[in-house]
Amino acid sequence: MSELVEDWFVYILRCADNTLYTGITKDIERRCKQHNNAIASKYTRARLPVVLVYQETVASHGDALRRELAIKKLTRTAKKAMCSSWSAP
């Protein structure tokens with residue numbers, strides 16, 4: 855039996871007030887639309903619109919949670935550096 859590999863994404867959004875929001879999802883396009891339609895997190899709901907400024911792919915939900923936590927622990931300067939080095943697919 856073959857194992858189905860489903861990628862997870864860790865992403866950073868820049869909100870209208872220039873703050874950064876970090877999250878995880880299996881469908882990055884859908885999740886960004888949810889954020890911009892105010893049906894995602896309370897944090898972004900009050901700071902619309904949001905723009906995707908960074909994403910990376912990880913292999914599992916656990917990896918996504920660990921990477922999200924690691925990113926959230928970074929300084930704003932480090933997060934901005936990550937975002938500036940990323941180019942949208």
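Offset between the sequence shown (1-based) and the numbering used here: plus 854. Even for Gly, the Cβ is constructed at its ideal location relative to N, Cα and C. Quick caveat: nothing in here was measured; it's all calculated off a predicted structure.
| query | result |
| --- | --- |
| Kindly indicate the opening and closing residues of the beta strand (DSSP E) around T873. | Where T873 is concerned, there is no enclosing beta strand (DSSP E), given that its DSSP letter is neither H nor E. |
| Only counting the same chain, and skipping five residues up and downstream in sequence, which positions put a Cβ closer than 7 Å to that of S914? | W862 |
| According to the Cβ coordinates, are R885 and A892 closer than 7 Å? | no |
| Along the chain, where does the beta strand (DSSP E) containing E922 start, and where does it finish? | It is not in any beta strand (DSSP E) - E922 instead sits in the alpha helix (DSSP H) that spans H915 to K926. |
| Could you tell me the boundaries of the beta strand (DSSP E) in which E910 lies? | V905 to V912 |
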